[in-house]
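Participant:
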Amino acid sequence: VKRAPETILDFVPIRKKATPMNLERMTRKPKEQNTVYGRSYRDRVIHLLALRSYKKPELLARLYKDGIPEKDKNTLGTILQQVAKLNPKDNSYLLKDCLYKEIQKDWPGYSEVDKQSLELILSRKLESSQNATSSSNAQPPVTLNKGAPS
1 VKRAPETILD FVPIRKKATP MNLERMTRKP KEQNTVYGRS YRDRVIHLLA
51 LRSYKKPELL ARLYKDGIPE KDKNTLGTIL QQVAKLNPKD NSYLLKDCLY
101 KEIQKDWPGY SEVDKQSLEL ILSRKLESSQ NATSSSNAQP PVTLNKGAPS
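Numbering (full-length UniProt numbering), first residue to last: 1 to 150.
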């Protein structure tokens, strides 16, 4: 039986060079499609803080995810002073109570879960503000000292 001569191919496939990936570009939505990007920086901060408290680095990372206009990059500290209270225990920021009335329930940056959470938060805030109002309008009980001259 005659065999065909074995040929050994010294063939190595050519690999394409890997192109570096820009992770920021991959995680951020294009600015044209991101409707939150066009909103005021202050409103974006308010609407994020309406859902939960944030530490400053967390908030900054969340804002960067949606894109920050160049003119707003160094103004977060000022905005936080205007719209938030600092919790000294954990250095987190909470939205000031008076700003919950500015919240838009149909904010384009909110997911369906966010909208449901917001409904709960707003109803609690409304309840607590009504309780505070009714207790502040209540008259303190009048006590008369029978033995004291009037």
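Just so it is clear, CB atoms sit at the ideal spot from N, CA and C, and this is done for glycine as well. As the structure is a computational prediction, the values presented were derived from the model and not from experiment.
Reducing DSSP to helix, strand and coil, say where Tyr37 ends up.
Facilitator: Note: Tyr37 maps to coil in three-state DSSP.
Participant: Where Thr27 and Arg62 are concerned, what is the direct C-alpha to C-alpha distance, given to the nearest angstrom?
Facilitator: The predicted model places Thr27 with a pLDDT of 48, which falls under 50 and marks its position as unreliable; any figure quoted below should be read in that light. Their backbone Cα atoms lie some 11 Å apart in a straight line.
Participant: Specify, as a first and last residue, the run of the beta strand (DSSP E) that Leu99 falls within.
Facilitator: Counting along the chain, Leu99 falls outside any beta strand (DSSP E), and DSSP gives it neither H nor E.
Participant: Please determine, among Asn91, Ser128, Tyr100 and Glu119, the residue with the shortest C-alpha to C-alpha distance to Ile46.
Facilitator: With distances taken between Cα atoms, Ile46 lies closest to Tyr100.
Participant: For Asn74, name the three-state secondary structure that DSSP assigns.
Facilitator: If DSSP states are grouped into helix, strand and coil, Asn74 belongs with coil.
Participant: Please classify Ala132: is it buried, with 16 or more other beta-carbons within 10 angstroms of its beta-carbon, or exposed?
Facilitator: Flag for Ala132 reads exposed.
Participant: Should Val45 be listed as close to the ligand SAM, given that the test is whether its C-beta is under 7 Å from any heavy atom?
Facilitator: Absent from the structure shown: the ligand SAM. Ligands present: none.
Participant: Is the CB-CB distance between Tyr54 and Leu48 below 8 Å?
Facilitator: Contact flag set, yes.
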